[in-house]
Structures are given as C-alpha cells and as structure tokens.
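Inspection log for the structure reproduced underneath, given as structure tokens.
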Amino acid sequence: MKGPLFYSKILLFGEYGIIKDSKGLSIPYNFYNGALKVDENPSEEAKKSNESLKKFAIYLKELDANLVSFDIKALQEDVDAGMYFDSSIPQGYGVGSSGALVAAIYDKYASDKITVLENLTREKLLKLKSIFSAMESFFHGKSSGLDPLNSYLSLPILINSKDNIEATGIPSQKAEGKGAVFLLDSGIVGETAPMVSIFMENMKNEGFRSMLKEQFIKHTDACVDDFLKGDIKSLFKNTKQLSKIVLNNFKPMIPKQFHALWKKGIDTNDYYLKLCGSGGGGYILGFTENIDKAREALKGQKLEVVYNF
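In structure tokens:
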C-alpha cells in the first residue's frame, strides 16, 4: 500500500502575526513530501512513526463528531498492519511535517470529506481549517490548521484574517531572475511549542503588544500585498523593516549563531532574513535581490532557493 503524496509548505509571511490577525501567505513546497505506507520489512523509523500513528488514532476517536468523523475501524486496521508516514519532510524545520501527515490521514479516513475538486467557498476553507486545527493540536498543543490546509490543497493560501482565508495565485517565477526567496539551514531542530509559549509570555507586555500591532503586523501585511502584486521594490523595503523588527524583538526565536549574520544582511542589503515558522532552529527564510551576492555573503551556509523573482 502507498497513499498519495502530500507536500511541505512555507509560510512566506505571517509567522506569529497570524496568531494576532495579521495577513499571511503560505505556499506549497514540493521539494519535500510524505505518504502513508505499509511495508513488509519496516525500518526503525517506520516503526516509530507507526507508534505515533497508534496514539494519533486514539486521539482522533475523541474529536467532536459534529466537526469531523473518521472511519476509525479502517484506520485502526491499517495501523495494526504497520502503516506509517513515509516522509522526506524534516521535522522541527518549520516546513510543516505534521501538517502533511494530518492532510494524508484526513484524505484517506475522513467521512464526508471536503475535496480539492469542489468549489472551495470561504465557508469550506474555514471548516477545513478548523478540522485540521483540531487534528494537528495532537502534535503541537495549539495549531492554526494552516499547514495541513496548505498541504491538503497544494495551493497558495492567502490569510486575510482569522476568519477570512482564500486560495490564491502568486506571480509566476522568473527562471532567470536574480531575486530569490531561499531557505537557510540552521542545522538545529526547532520545537514549536516552547517558541509559541515565549511569544505568549511576551504578549502580556504592553510594549511588545503595541510593537506587534504598529510595526510587525503593519510590515507583514505590506509584504503580503507587495508579493502578490509583484511590487519587488516595495517588497524588499518592507522585508528589510520586518527583518529589523524580528532581530530586535524576537531574539529568542533566532538561533544565537545567526544573530550576526542576520544583522550583516540588514547592514549590507545583500539579503534579509526572517523566521520560517516558529523559529528556534530549523530553516530561516531569506530574501535577496541578487542571489549571487547572497551566496557570496553567506559562504559556508546551506542555501536552497525556493522562488525566483
């Protein structure tokens, strides 16, 4: 048995902001993917994944049946037969490893599922988001449901606010373009839950709250608009501001050894760095108007280009 592939995602803009109703833009990233599988001779990795699926199946049984119900019997049988999630998506890297798993389980076992082929009204998208939020909370403690939504639909998702999301188109890439969005590998696994609790703790501070609203969210929203309009000049102006704000206010989310590189980008304008997901490790997202310059400035670092301007 081998199920369909579900892809990783990249939240280009909106990390932390979307918790407080900023805009966000999330795109599928096809470089990594995962699928449900059963093997004759499972590896250690597969056995670990199967153990986790056993617990997940018990958790899904308890979910509110008015929200979503599953063919638990079929799921249970497959899990007992050794089913696991075979994934190339790195865990704790901010590219949605649990999101792809949630999407795969919903796709295969949900009763009355909403499919990608339907006319995806806002109501349906919001319903999917709340189903996925409840499912993914098993892994994260609290989930927005956006990662699985992105993985399930394999479409860019524009978040206008908590209750207003839509599938969107993004400007097509220019293969020859010098401008790029890239991933920088921090070499450290990040844990979502502790990062989110630092953020929630900071939210009790009035100064932090007003910075979030007046600076962070303002520039995040502008970046989303600029990116969708293809206004590159304004995009880089706003991304630079965002990079500064994150360096000044989200230090614990940036691995220590990247503080100097982060500042170097802002000072030289060769590239601007921002958080990819909750931070604390995993990938860091980079934006540059000249990828050759950025590669030169970041010599010795592992770079993966995900989008060309």
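Residue numbers are given in my numbering: position 183 of the sequence shown equals residue 1629, and the series is strictly consecutive.
Note that CB positions come from ideal geometry on N, CA and C, so glycine has one too.
Straight across, the Cα-Cα distance linking SER1454 with GLY1540 is about 9 Å. In the three-state reduction of the DSSP assignment, LEU1693 falls in the helix class, which pools H, G and I.
Between LYS1624 and ILE1737, the gap from beta carbon to beta carbon is short of 8 Å.
Annotation for GLN1619: TYR1753 and ASN1754 place their beta carbon closer than 7 Å to its own, counting only its chain and skipping 5 residues before and after.
In the assembly as shown, ASP1672 is a buried residue. Its beta-carbon has 16 or more other beta-carbons within 10 Å. Annotation: the segment 1594-1637 contains the following complete segments of the beta strand (DSSP E) (minimum length 3 residues), in chain order: 1603-1607, 1610-1613 and 1626-1631. When DSSP states are grouped into helix, strand and coil, ALA1511 belongs to the coil group. Around the beta carbon of MET1699, a 10 Å sphere encloses 16 or more other beta carbons of the protein chains shown; the residue is thus reported as buried.
In the structure shown, TYR1753 adopts extended strand secondary structure according to DSSP, grouped into three states. At a Cβ-Cβ threshold of 8 Å, PHE1682 and GLU1735 count as neighbours. LYS1720 sits buried, since 16 or more C-beta atoms from the chains shown fall within 10 Å of its C-beta. Per DSSP, the unbroken alpha helix (DSSP H) holding THR1666 starts and ends at 1663-1675. Note on ASN1476: under 16 other CB atoms within 10 angstroms of its CB, so exposed under the neighbour-count rule. Under DSSP, THR1734 forms a beta bridge with ALA1626. Distance from the CA of VAL1751 to the CA of LYS1686, rounded to the nearest whole angstrom, comes to 19 Å.
Here ASP1593 is not near GLY1538, since their CB atoms are 8 Å or more apart. Under the criterion of beta carbons closer than 8 Å, GLY1480 and ASP1532 qualify as touching, at roughly 6 Å. Measuring C-alpha to C-alpha distances from ILE1634 to each of ASP1517, LYS1748 and LYS1483 identifies LYS1748 as the nearest. The three-state secondary structure of ALA1503, taken from DSSP, is helix. A direct Cα-Cα distance of roughly 18 Å separates LYS1745 from PRO1701. Counting the other Cβ atoms within 10 Å of the Cβ of HIS1665 gives 16 or more, which makes it buried.
Listed as beta-bridge partners of PRO1474 by DSSP are LYS1455. In this structure SER1724 is in contact with GLY1636, their Cβ atoms being roughly 6 Å apart against a cut-off of 8 Å. Across the set LYS1697, LEU1521, SER1689 and LEU1674, the C-alpha of SER1689 shows the shortest separation from the C-alpha of TYR1717. Closest in C-alpha terms to LYS1494, from the list LEU1457, SER1632, ASN1715 and GLY1528, comes GLY1528.
Between the alpha carbons of ARG1568 and LEU1574 lies a distance of about 10 Å.
Taking 8 Å as the cut-off, the Cβ atoms of PRO1474 and ASN1606 do not count as close. SER1590 sits close to SER1579, with the two beta carbons spaced by under 8 Å.
Proximity of the segment 1650-1659 to the segment 1484-1501 falls short of the contact definition, fewer than three beta-carbon pairs being nearer than 8 Å. Rounded to the nearest angstrom, the Cβ distance from ALA1556 to VAL1514 is 6 Å, consistent with a contact under 8 Å. Around the CB of THR1561, fewer than 16 other CB atoms lie within 10 Å, so the residue is classed as exposed.
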